[in-house]
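Visitor: Top to bottom, those sequences are chains A and B. Following my numbering from start to finish, the first sequence increments by one per residue and tops out at 534. Following my numbering from start to finish, the second sequence increments by one per residue and tops out at 455.
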Amino acid sequence: MKTNIDPVKISEFKCMREPLSLEAVIRESNRCLLCHEAPCSAGCPAGTDPGRFIRQIRFYNYKGAARTIRNNNILGGVCAFICPVEKLCEKECSIKALEDPININGLQRFVVEYGKAFSLEPMKVSSKNMGHVAIIGAGPAGMSCASSLATLDYDVTLYEQEQQAGGIARYYIPAFRLPEETLNDDITNLLSQGVKISHGKNLTYIGTITDLMKRGFDAVFISTGLSKPFRLELLEGYINVTDYLSFLRNIRHDFTAPELKNKNIAIIGGGSVALDAAVSASAAGASRVYLISLEHLKELPADQEEINLARLMNVIFKAGSQITRVVAEDKQITRLTGIETDWKEPDNYHPSNARQIQGTEFSINVDLVVQAIGTCPDDKITRFARGVEIMGKGTIVTGSDFSTNLPGVFAGGDVVSGGATIVQAVGDGKKAAESIHNYLNKRRANQ
Amino acid sequence: MSKPNPLQINFCGVRFENPFCLSSSPVGNHAEMCARAYDAGWGGVVYKTLGLEKSFRVVMPSPRLNAYNYGDKRVIGLQNTEQITDRPIRDNLRDLAWLKKSYPNKVLISSIMGYDDEDWAELAKMSEDAGADLVELNFSCPQMAHKHAGHRVGQDFHAVEMFTRVVKNATRLPVIAKMTPNITDMVPVALAAKDGGADAISAINTIKAITNIDLDSFTPMPDIHGNSAATGFSGPAVKPIAMRFVSDLYNSKQLNLPVSAIGGIETWIDALHFLLLGATNIQVTTAIMRYGYRIVEDMIEGLTDFMNDRNIGSLDELIGQAARMIVDPSEFDTRHQVVAVVDPEKCIGCGQCFISCRDGANQAMKFNAAKRKVEVDETRCVGCLLCKHVCPVWDCISHKEVDTLTTRHAAIF
Ligand SMILES: Cc1cc2nc3c(=O)[nH]c(=O)nc-3n(C[C@H](O)[C@H](O)[C@H](O)COP(=O)(O)OP(=O)(O)OC[C@H]3O[C@@H](n4cnc5c(N)ncnc54)[C@H](O)[C@@H]3O)c2cc1C
Ligand SMILES: Cc1cc2nc3c(=O)[nH]c(=O)nc-3n(C[C@H](O)[C@H](O)[C@H](O)COP(=O)(O)O)c2cc1C
Ligand code: SF4
C-alpha cells in the first residue's frame, strides 16, 4: 500500500494497491513456504486457492496461475484490489510465525494482469443445454453464481436494475481502491462464458418469482444485496444529512466536485464504508473530516490498510464516542455535540453496551453529516419474492446450501448475510450454483 | 484442449506422455510412492536402483543428508550419502510388477546395479520379467560401500562396456547407461557404453562434494558418528555442470545417442534448458525431495503454454536448438565487443557495480559521490558485465556492441 500520500493528490493516483514488479513477484513467491494443505487457501471464502497460484508463480507457471484465479473466482481481478486480505488469506499465512505474511493480493494482481497481457485462451462457453436460471442482481454474488452455472452449461440470465453490472463494486467503492478497468475485465470474462445480462429491469418489471418460473426458468437466485441505509433517529429530518451510499455514489469518480471544498464533514460509523467516506471527503478537499465511532481505534471493524490511509489523509478520529445532540438552524445542522464512551461489558460492541464518560463532552462544527452505520435489503424483495422467508431486518433466510423455503428459489450474498465482503459474496454464488445444480439434477432424475 | 499433446515424446522407442520422470532415488523408493507420482502427472519413473542382497547387503548411514545453503536461500544443493535400495529384491520386483499392471500407459524404468556379470544379467532379466519398459544401468553412485560398484565402475571404460554388453545380452529392453560426472570428460565413457550396446545415455548422477564443516568438532557434514566423506551432491547448484555434460553428449557426432538429462531440474524452464541442449528425456530428484511430486503440474502446464504460445507442436522442434550454438572458445568472434550501459534513471546509487568493477574488473565504473550515481568510462570498460550481474536493479545495466575495427575497445590492447 502507498505510505506517503499528499491528501490533495489522492485523486491523481490510480490505485491504492500498487502493482508489484516482476522482481518483487519472484522474491515474494520465493518467500512462500508452499505449505502442505495451504492455510491461505482455506482462508479464502471464494476458494480462489492462493496456495496453488503462488506455487504456480514460484515455478514460473504464470499463465497457469492466471487460469487458477480465473477459474476459481470470476472476480479474481477485483478481489486482488479490494479483499481485506489481512482478515482472510494473509491472516492464515504460516510464515507469519517467522516474518511478514506473503503479499498474496500483490501476487494476485500481477498474475491477473499477466493473464490479460499474454492473452489466456478464451473461457469455455456455456452450451446452455442444462436448463434456465434467472439471477436477480448482477453484483458479486450474482455474477459468481452465473459464472459457475455457465461452467456447468446452464443458460443464465442476470437481471440488473442498474445500467451496468458490478453491484457495490461498480457504483460505491471509491475508484482509488478499485480501478474500473479491472471490474470491466472480470465482467468481460463472465460475458465470454455466454451469460446474458438484462439491464435496467427492477423487480417490479420482472414480476414475481412465479412469473419468472412461468416464463420457463427452472430456478431463481436472488442476489440483490443491501440498498436501504440505516439512519439514526437523532439525525432524522435535517437537510444536510446523508447516508454513505448516496455520498459515495456521487463522489466516487469525481473528487474535484466543488461542494465539499473547505467544508467540515462528520462521518458516523467505524467500518470500512465509513473509512471510504472519510477518505473520499478528505480527497475532495474538505477542510476537517471527523470519524465518529463507538469503537475505539483498535476496535474499529475497518481494515488496518484503510485506517492507515485515513490517517495519511488527516481524518480526525473521534473513536470511542457518540453524538448526543444536534444544533440546527432551518433544518440545517451546524454543530454536533458528542461525548466519549466506554463499554459496560468487554468485547460487546453493540450501542446498547456503550457507557458515556462524564466530563468528556465535545462539540464540532459541521456542514455535512454522513451516516455509515449499515444497510438492509430493499423492501421490494418482499413483494417480488412473496412467500420467501425473511428475517427482521429484511435479509432472506436460507439453509447452508443457500436454498430458501421455496423450491427452486435460492439466495446469497449480502441479501442473506446482511453485509459481508465481495469475496464472501463470490463464495456464496459459487456454492449456490452447486446447490442449484444438485437441485435440478434431482428434479431431472425424478422426471 | 482438443490439440494433440505437444509434450508426448518417443525415447528409445518408448512413448512418454511427457518427458518428465522421477530419477532413481528415494523419490521412487516403492510402489505407493511411484503411484502417487504417476497420479500427479509424471510421465515416467526410474525406480530406485535395484541390487541383489545376496551379493551385497546395503545399510544406509545417518544422518543421510546435508544441505548447502547460501545466505537466506536454503538447499541450493543437497549432499547425500545414500546407496542403492536397501529393500529386498523380492519386494522391489513385486512393486515393479504392480506398477506396470496398474499404470500400463505410464513408463516404468528399472535402474539396476550389479557387482559382477551374473548380477547385472540377473537384474536385467528380473526387470524385464517384472514389466519394466527400459533399464537404466547405474554406473555412477559415488558412495557405494562396495569396492567394485557405483562411480568406480563409471570411471572405468572397460567395465562400462563389459557390463553394458552383459545386460544387452540378457534383455531385449532398451538400455540407458547413467553416467557419473566425477570424471574429466564424459564422452569417452558414453562411447564405451555405446560400444557395449547402450541405446541411450543419462546424466548426471551426483557430484562428489563436501558441503559444510561443523566448527565445534571440525567434522565435515553430515557427521556420521564422527566421520564424513565427499559424497553425492545434487540440486539447483549442479544444474550448470549437468547442462555442460548433456550438451557434450548431444554434440558428440560419434556418440549420437538420445540423452536423458538429470541435475537440478525444478521448473519447466530448467527442463526446457536441457531440451534445448539436446535432451529427449528429463529426470528429477532433489526438487521432488524439496517440494513434492506436485511440481510436475507446473512443468507440464508451463512448457505446454510456452509451446502453444509459439506455435511449437512437438518437443522435437526444441531438442538441441541451443546445443548448436556451443563451440570451442577458440572460435569466438572477438572483433565485436560490448561495453556496459547504465540507465541513470534506474540507478539507485548503491555503488555495488562500482566496487565490483574497481576490485574485480577494469576500474571502468565511475561513482559520483555527490549525486550517488554511476557512469561507465567506455574507454576502460572491457565488457565483462560483472556490473550488470551484481546490480540489484535487474534492468538497470545493459550493454551495447562495439565494432573494434572502427572503435577502440579496452579489451584489445
Ligand atoms: C462503500 C462500500 C465499500 C466496500 N468495500 C469493500 C471492500 O473493500 N472489500 C470487500 O470485500 N467488500 C467491500 N464492500 C462490501 C461488498 O461490496 C459487498 O459485500 C458485496 O458487493 C456484496 O455483493 P452482492 O452481490 O451480495 O450485493 P451487491 O454488490 O449489493 O449487488 C447487488 C446487485 O443487485 C442489484 N439489484 C438490487 N435490487 C435489484 C432489483 N430490484 N432488480 C434488479 N437488480 C437489483 C443491485 O443494483 C446490485 O447490482 C463494500 C461495501 C460498500 C458499500
Ligand atoms: C538421496 C539421493 C539418492 C539417490 N540415489 C540414487 C540411486 O539409487 N540411483 C541412481 O542412479 N541415482 C541416485 N541418485 C541420483 C539422482 O538420481 C540424480 O541423478 C541426481 O540427484 C541429480 O539430479 P537432481 O539434481 O534432480 O537431484 C540419488 C540422489 C539422491 C539425492
Ligand atoms: S525426513 Fe522423515 S525419515 Fe528423514 S529424518 Fe525426517 S522424519 Fe525421519
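The beta carbon of each residue, even a glycine, is placed where N, CA and C say it ideally should be. All values derive from a computational prediction rather than experimental measurement.
Is it buried or exposed for Met43(B), if we count other Cβ within 10 angstroms and need 16 for buried?
Guide: Low confidence applies here, because Met43(B) scores a pLDDT of 47, under 50, leaving its location unreliable and the question unanswered by this model.
Visitor: For Asp139(B), name the three-state secondary structure that DSSP assigns.
Guide: Residue 139(B) is actually Ala in this sequence, not Asp. Of the three classes helix, strand and coil, the one that applies to Ala139(B) here is helix, per DSSP.
Visitor: Does DSSP put Arg442(A) in a helix, in a strand, or in coil?
Guide: Strand at Arg442(A).
Visitor: Is the separation between the beta-carbon of Val56(B) and that of Gly70(B) shorter than 9 Å?
Guide: Result no, Cβ atoms of Val56(B) and Gly70(B) do not sit closer than 9 Å.
Visitor: Nearer than 8 Å: is that true of the beta carbon of Ile17(B) relative to any heavy atom of ligand 2?
Guide: Any property of residue 17(B) remains undetermined from this structure, which presents chain B solely from 43 to 455.
Visitor: For the pair the stretch 276-293 of chain B and the stretch 303-320 of chain B, tell me if three or more CB-CB distances fall below 8 Å.
Guide: Touching, per the Cβ criterion.
Visitor: Three Cβ pairs or more, each shorter than 8 Å: is that satisfied between the stretch 237-244 of chain A and the stretch 207-216 of chain A?
Guide: Flag = yes, the stretch 237-244 of chain A and the stretch 207-216 of chain A touch.
Visitor: Please report whether the beta-carbon of Ile311(B) lies at a distance below 9 Å from any beta-carbon of chain A.
Guide: For Ile311(B), the answer is yes, since a Cβ of chain A falls inside 9 Å of its Cβ.
Visitor: Would you say Cys76(B) touches ligand 2, meaning its beta carbon is less than 8 Å from a heavy atom?
Guide: Checking every heavy atom of ligand 2 against the Cβ of Cys76(B), none is found closer than 8 Å.
Visitor: Under the rule that 16 or more other beta-carbon atoms within 10 Å means buried, what is Glu387(B), buried or exposed?
Guide: Under this definition Glu387(B) is an exposed residue.
Visitor: With a threshold of 8 Å, are at least 3 pairs of Cβ atoms found where one atom belongs to the stretch 301-316 of chain A and the other to the stretch 457-475 of chain A?
Guide: A contact exists between the stretch 301-316 of chain A and the stretch 457-475 of chain A.
Visitor: Could you tell me if the beta carbon of Leu120(B) falls within a distance shorter than 8 Å of some heavy atom in ligand 2?
Guide: Yes, ligand 2 has a heavy atom inside 8 Å of this Cβ.
Visitor: Less than 6 Å between C-beta atoms, sequence neighbours within five positions excluded: which residues of the same chain meet that for Phe409(B)?
Guide: Taken in chain order, the residues that qualify are Gly393, Phe396 and Val416.
Visitor: Leaving out five residues on either side along the sequence, give the residues of the same chain with a beta carbon under 6 Å from the beta carbon of Ala403(B).
Guide: If we look at Ala403(B) and ignore the five residues flanking it on each side, its Cβ neighbours are Cys426 and Leu428.
Visitor: Cβ of Trp84(B) less than 9 Å from any chain A Cβ?
Guide: Chain A, which has no Cβ nearer than 9 Å to the Cβ of Trp84(B), makes this no.
Visitor: In or out: His286(A) buried (at least 16 other Cβ within 10 Å) or exposed?
Guide: Result: exposed.
Visitor: Return the residues of the stretch 148-175 of chain A that lie within a Cβ-Cβ distance of less than 7 Å from chain B, sorted by chain order.
Guide: Answer set for the stretch 148-175 of chain A: Asn148, Lys150 and Gly151.
Visitor: Would you say Asp370(B) faces chain A, with C-beta separation under 9 Å as the test?
Guide: Closer than 9 Å: no.
Visitor: Which same chain residues end up closer than 6 Å to Gln50(B) when comparing Cβ atoms and leaving out the 5 residues on each side of it in sequence?
Guide: Taken in chain order, the residues that qualify are Glu59.
Visitor: Strictly below 8 Å CB to CB, what residues from chain A border Gly306(B)?
Guide: Here the premise fails: no neighbours, minimum Cβ distance about 14 Å.
Visitor: State the DSSP-derived secondary structure class of Gln185(B), mapped to helix, strand or coil.
Guide: Gln185(B) falls in the coil class under three-state DSSP.
Visitor: At least one CB of chain B closer than 9 Å to the CB of Lys518(A): is that the case?
Guide: No, Lys518(A) lies away from the interface with chain B (no Cβ there is under 9 Å from its Cβ).
Visitor: With a cut-off of 9 Å, does the C-beta of Glu343(B) fall near any C-beta of chain A?
Guide: It does: the Cβ of Glu343(B) has a partner Cβ on chain A nearer than 9 Å.
Visitor: Which word fits Ile249(B), buried or exposed, when buried means at least 16 other C-beta atoms lie within 10 angstroms of its C-beta?
Guide: Buried: at least 16 other Cβ atoms inside 10 Å.
Visitor: With a threshold of 8 Å, establish whether the CB of Cys183(B) neighbours any heavy atom of ligand 2.
Guide: Correct: Cys183(B) has its Cβ closer than 8 Å to ligand 2.
Visitor: Go ahead and label Lys405(A) buried or exposed: buried means 16 or more other beta carbons lie within 10 angstroms of its beta carbon, across all protein chains shown.
Guide: Classification for Lys405(A): buried.
Visitor: Indicate the three-state DSSP secondary structure (helix, strand or coil) for Met43(B) in the structure shown.
Guide: Caution is warranted here: a pLDDT of 47 is assigned to Met43(B), below 50, making its placement in the model unreliable, and the coordinate value is therefore given only provisionally. Met43(B): coil per DSSP, three-state reduction.
Visitor: Return yes when the Cβ of Val288(B) is within less than 9 Å of the Cβ of Leu319(B), no when it is not.
Guide: Closer than 9 Å, so yes.
Visitor: If you draw a straight line from the alpha carbon of Tyr325(A) to that of Ile352(A), how long is it in whole angstroms?
Guide: Straight-line Cα distance between these residues: approximately 15 Å.
Visitor: Taking contact to mean 3 or more Cβ pairs, one atom from each stretch, closer than 8 Å, check whether the stretch 243-261 of chain A and the stretch 172-186 of chain A are in contact.
Guide: Output reads no: the stretch 172-186 of chain A does not touch the stretch 243-261 of chain A.
Visitor: Under 9 Å, do Ala219(B) and Leu179(B) count as touching if we go by C-beta distance?
Guide: Contact: yes.
Visitor: So Arg196(A) contacts chain B; which residues on that side make the cut at Cβ distance below 9 Å?
Guide: Chain B residues near Arg196(A): none, gap ~19 Å exceeds 9 Å.
Visitor: For Gln143(A), which residues in chain B fall below 9 Å Cβ to Cβ?
Guide: Chain B residues near Gln143(A): Glu339, Asp340, Glu343 and Gly344.
Visitor: Which whole runs of the alpha helix (DSSP H) in the stretch 211-250 of chain B are 4 residues long or more, in chain order?
Guide: DSSP runs (the alpha helix (DSSP H)) wholly in the stretch 211-250 of chain B: 229-238.
Visitor: Would Tyr333(B) pass as an interface residue toward chain A - the criterion being a Cβ-Cβ separation below 9 Å?
Guide: It does: the Cβ of Tyr333(B) has a partner Cβ on chain A nearer than 9 Å.
Visitor: DSSP state of Trp430(A), grouped into three classes?
Guide: Of the three classes helix, strand and coil, the one that applies to Trp430(A) here is strand, per DSSP.
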